[in-house]
Amino acid sequence: MEQQTYHYDKIAKAIEFIVANAREQPSLFDVAEEVSISQFHFQRVFSEWAGVSPKKFLQYITAGYLKEKIRETANLTELAEAAGLSSQSRVYDHFISIEAVTPQEFRTSGKGLDISYGIHETPFGTCFIAVTERGICAMAFTDENDKEDQLIRLAKKWHYANIRADQHITAEYIQRIFQSGQKSPDKLPLLVQGTNFQLKVWEALLTIPQGALTTYQHIAQSIGNPNAVRAVGTAVGDNPIAYLIPCHRVIRKEGILGEYRWGSLRKKALIGWEAARHFEE
Numbered sequence: 014m015e016q017q018t019y020h021y022d023k024i025a026k027a028i029e030f031i032v033a034n035a036r037e038q039p040s041l042f043d044v045a046e047e048v049s050i051s052q053f054h055f056q057r058v059f060s061e062w063a064g065v066s067p068k069k070f071l072q073y074i075t076a077g078y079l080k081e082k083i084r085e086t087a088n089l090t091e092l093a094e095a096a097g098l099s100s101q102s103r104v105y106d107h108f109i110s111i112e113a114v115t116p117q118e119f120r121t122s123g124k125g126l127d128i129s130y131g132i133h134e135t136p137f138g139t140c141f142i143a144v145t146e147r148g149i150c151a152m153a154f155t156d157e158n159d160k161e162d163q164l165i166r167l168a169k170k171w172h173y174a175n176i177r178a179d180q181h182i183t184a185e186y187i188q189r190i191f192q193s194g195q196k197s198p199d200k201l202p203l204l205v206q207g208t209n210f211q212l213k214v215w216e217a218l219l220t221i222p223q224g225a226l227t228t229y230q231h232i233a234q235s236i237g238n239p240n241a242v243r244a245v246g247t248a249v250g251d252n253p254i255a256y257l258i259p260c261h262r263v264i265r266k267e268g269i270l271g272e273y274r275w276g277s278l279r280k281k282a283l284i285g286w287e288a289a290r291h292f293e294e
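In this note's numbering, the protein residues as written are 14 to 294.
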């Protein structure tokens with residue numbers, strides 16, 4: 014797992030360099046030198062991670078490509094139906110279901126609920142995850158500076174729950190989510206706290222297959238509230254479960270990736286990685 018973290022750190026630095034110097038089209042040697050590893054080793058590491066070359070990866074995060082993708086996905090309902098349950102999207106692989114806590118559970122902040130949490134390495138760096146018998150209730154990408162903050166936020170939101178560290182339990186979820194070939198016929202449930210509006214937005218996000226992108230405007234239209242673009246943006250930003258509720262697949266209509274709760278560079282990595290996996294396999 015430490016090796017995986019090392020790889021993502023190097024890859025993230027490479028993506029940042031490639032994007033910043035896109036006009037100059039840096040060579041493989043230039044990128045490898047920037048991340049301080051040999052050209053041969055970098056090519057192998059990046060190809061294993063992304064499935065494509067750095068040059069090909071860059072094509073998937075350019076404004077022109079992003080604009081084209083959001084034009085293709087104007088109607089989320091049609092998109093979800095076209096993807097179907099046989100889609101290669103990770104969402105459809107796992108048949109993700111989302112459940113909201115009851116009003117009583119919300120008022121009592123999870124009283125009587127047992128929550129296990131852990132911190133694991135993923136293809137996109139370190140990830141904090143918390144689970145209950147009813148599903149995943151929190152998931153966030155972290156860095157060295159905010160690992161403790163994630164636990165504080167969890168304890169604040171689920172104040173009366175029984176919270177304990179259990180890497181063994183949470184590791185099983187991480188494997189199902191990120192490891193290739195780990196498919197299961199069972200649903201991967203999510204348990205969230207949110208308003209009715211937030212739930213509508215998060216459910217709309219679940220209809221976006223891997224490799225597809227949409228805009229805040231399209232989300233607002235899909236939930237029947239086309240004038241609520243700003244509120245949709247807020248709900249997207251409040252997403253409590255990274256990656257599985259794919260808020261990273263929502264970008265600005267100009268083809269600009271925009272901000273991301275877990276870092277704009279990680280958003281580039283996620284979008285490029287998913288596009289490469291979806292279109293190159």
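Think of the CB as a built atom: it goes at the ideal place given N, C-alpha and C, for glycine as much as any other residue. The structure displayed is predicted, hence computed values, not measured ones.
Per DSSP, the bridge partner or partners of residue i
| i | result |
| --- | --- |
| L204 | E112 |
| N175 | D127 |
| A153 | F141 |
| T228 | I264 |
| I254 | M152 |
Short Cβ contact (7 Å threshold) for residue i with residue j
| i | j | result |
| --- | --- | --- |
| R279 | G271 | no |
| F191 | T135 | yes |
| V48 | K68 | no |
| Y173 | S129 | no |
| A45 | G268 | no |
| V242 | Y256 | no |
| I28 | K281 | yes |
| H291 | Q223 | yes |
| D127 | N175 | yes |
| A184 | L167 | no |
| I221 | T227 | yes |
Boundaries (first-last residue) of the beta strand (DSSP E) holding residue i
| i | result |
| --- | --- |
| H133 | 127 to 135 |
| G246 | Run containing G246: none in the beta strand (DSSP E); it sits in the alpha helix (DSSP H), 242 to 250. |
Proximal residues to residue i (C-beta, below 7 Å), its chain only, five neighbours per side dropped
| i | result |
| --- | --- |
| F70 | A63, G285, A289 |
| D251 | Q211 |
| L219 | V104, I109, I111, I258 |
| Q52 | L41, F42, A45 |
| G148 | E112, P202, L203, L204 |
| Q163 | F141, A153, T155 |
| Y273 | H261, R279, K280 |
| H20 | V58, W62 |
| Q72 | Y78 |
| Y186 | I142, V144, I149 |
| I50 | K23 |
| Q180 | G131 |
Limits of the unbroken alpha helix (DSSP H) element including residue i
| i | result |
| --- | --- |
| R299 | An answer regarding residue 299 cannot be provided, because it is not within the stretch 14 to 294 covered by the chain. |
| R84 | 76 to 85 |
| R189 | 180 to 191 |
| L218 | 209 to 218 |
| A35 | Element bounds for A35: n/a, residue is neither H nor E. |
| E161 | 160 to 170 |
| L71 | 67 to 72 |
Beta-carbon contacts of residue i that lie in its chain and below 6 Å, excluding the five residues immediately before and after
| i | result |
| --- | --- |
| G276 | none |
| P239 | A233 |
| K26 | V48 |
| K124 | Y173 |
| K200 | F108, S110 |
Same chain, Cβ closer than 8 Å to residue i, neighbours up to 5 away in sequence not counted
| i | result |
| --- | --- |
| F249 | Residue identity differs from the one stated: residue 249 is Val in this sequence, not Phe. So the list reads V214, L218, Y229, I232, C260, V263, once near-sequence residues are dropped. |
| N160 | Inspection of the sequence shows that residue 160 is occupied by Lys rather than by Asn. Excluding positions up to five away in sequence, the list reads I132, T139, F141. |
| I182 | S129, G131, V144 |
CB contact check: residue i to chain C, cutoff 7 Å
| i | result |
| --- | --- |
| R279 | Although the question refers to chain C, the structure presented lacks it and comprises just one protein chain. |
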